[in-house]
Amino acid sequence: MESLTFAQTISMAGFLFDEMIFGPVNSRRLGISLGINLLPTHGKFCTFNCIYCECGWTSNRNGLHMQLPTRADISQRLRQTLGELIGTTRQPDSITFAGNGEPSMHPEFAEIIADTISLRNELLPSAKISVLTNGSMLHKPTIFQALCRIDNNIQKLDGGTEETIRLINMPLKAFRIREYVETLKRFNGNLVIQSLFLRGEINHKKVDNTTEKELKAWLSLVLEIRPKAVMVYAIERETPLEGLVRIDEAALETIAAMVRKAGIEAEVYA
Ligand code: SF4
Numbered sequence: 142m143e144s145l146t147f148a149q150t151i152s153m154a155g156f157l158f159d160e161m162i163f164g165p166v167n168s169r170r171l172g173i174s175l176g177i178n179l180l181p182t183h184g185k186f187c188t189f190n191c192i193y194c195e196c197g198w199t200s201n202r203n204g205l206h207m208q209l210p211t212r213a214d215i216s217q218r219l220r221q222t223l224g225e226l227i228g229t230t231r232q233p234d235s236i237t238f239a240g241n242g243e244p245s246m247h248p249e250f251a252e253i254i255a256d257t258i259s260l261r262n263e264l265l266p267s268a269k270i271s272v273l274t275n276g277s278m279l280h281k282p283t284i285f286q287a288l289c290r291i292d293n294n295i296q297k298l299d300g301g302t303e304e305t306i307r308l309i310n311m312p313l314k315a316f317r318i319r320e321y322v323e324t325l326k327r328f329n330g331n332l333v334i335q336s337l338f339l340r341g342e343i344n345h346k347k348v349d350n351t352t353e354k355e356l357k358a359w360l361s362l363v364l365e366i367r368p369k370a371v372m373v374y375a376i377e378r379e380t381p382l383e384g385l386v387r388i389d390e391a392a393l394e395t396i397a398a399m400v401r402k403a404g405i406e407a408e409v410y411a
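In my numbering, the protein residues as written are 142 to 411.
So, in structure tokens, the structure goes:
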């Protein structure tokens, strides 16, 4: 994999993308991926506080008043960057919204997606548009509709029970797993589920989303949601919570095999 260091800084908080548009990098799942970070470049901004987040703990210190890139800046920089990359060996397969937190928290997320679709159609119709999201803003109709329009709508599901998700993802606002699943079902299969598996302990409570009971609950939700694919992950980098156990590839393959057996495509990224 191409080095990410030109676009990232390592701080006490973890890895942070220090540019609005970064890469492209070779992504195992998305090919040559040009990243867009809609969040601040100096800190993380998220609705979750995942114990494994490679950007570090969520602080959201400056709330919604922190400086975010503007819609106009993103559109102009994306046009310029695509212009530089098209026809080269680094021509993107995917324009990917990821970065220092939850992209759909950007107040102009839906408009930015619309601009990106137009730019993609005009300049590079072969590129897919991908968004990595935790799904916490799907209650907003504009966000839900924007995600319906993209190619790779990648939604997080790290457990089969509310308790496990609360321990692993630590949502900052009320989280109801039933509501979340019902919302994901409304995509009618036009989504990919990404799930990260780990073991550890937080606040003297054990957390393990790989037990038979946990996997059974998780799989039953996946089957209800009927995504077009499931991405199965392990921890890749240093985590803000110490002592988390990385799940080995063989165990992840077993999980992916369960999904495939149920008729849904699954891929391991270990
Ligand atoms: S949702 Fe993503 S960015 Fe937010 S805390 Fe979790 S891993 Fe980090």
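Don't be surprised by glycine CBs; every beta carbon is placed ideally from N, CA and C.
Using a Cβ distance threshold of 8 Å, G176 and T274 do not count as a contacting pair. Boundaries of the beta strand (DSSP E) around A370: A370 to Y374. A distance below 7 Å between beta-carbons, with the five flanking residues on each side excluded, links T351 to the following residues of its chain, in chain order: F338, R340, I388 and A392.
In this structure, G242 lies near C187, with their beta-carbon atoms less than 8 Å apart.
Assignment of K402 by DSSP, reduced to helix, strand and coil, places it in the helix class. Distances taken from the Cβ of C191 to the heavy atoms of the ligand SF4 include one shorter than 7 Å.
Rounded to whole angstroms, the gap between the alpha carbons of L288 and E353 is 32 Å. Residue pairing by DSSP places S174 opposite V166 and S235 in a beta bridge.
Secondary structure of S267 (DSSP, three-state): coil. A direct Cα-Cα distance of roughly 6 Å separates M311 from F189.
The beta carbon of K297 sits closer than 7 Å to at least one heavy atom of the ligand SF4. By a beta-carbon distance limit of 8 Å, L171 contacts N293. Their separation comes to about 7 Å.
Beyond the five residues adjoining it in sequence on each side, I162 comes within less than 8 Å, by CB distance, of L175, G176, I177, N178, I215, R218, L219 and T222 in the same chain, given in chain order. In the three-state reduction of the DSSP assignment, K346 falls in the strand class, which pools E and B. Scanning its chain for C-beta atoms nearer than 7 Å, with the 5 sequence neighbours on each side dropped, one finds around R307 the residues F316, in chain order.
In this structure, P381 lies away from I334, with their beta-carbon atoms at least 8 Å apart.
Residue state for Y410 is assigned as strand, using DSSP reduced to three classes.
With a contact defined as Cβ atoms closer than 8 Å, A268 and S235 qualify at about 6 Å.
Residue environment: L226 is assigned as buried (16 or more neighbouring CB atoms within 10 Å of its CB, all protein chains considered). Separation of the CB atoms of I396 and L356 is rounded to 6 Å, and the pair is thereby assigned contact status at 8 Å. Here Q232 has L226 as same chain residues with Cβ atoms under 6 Å from its own Cβ, once five neighbours each way along the sequence are excluded. In terms of Cβ geometry, L362 and G404 do not form a close pair [threshold 8 Å]. Not one heavy atom of the ligand SF4 lies closer than 7 Å to the C-beta of G300.
Counted as a single uninterrupted DSSP element, the beta strand (DSSP E) harbouring S336 occupies residues V333 to L337. Assigned with DSSP and collapsed to three states, T229 falls in coil, not helix or strand.
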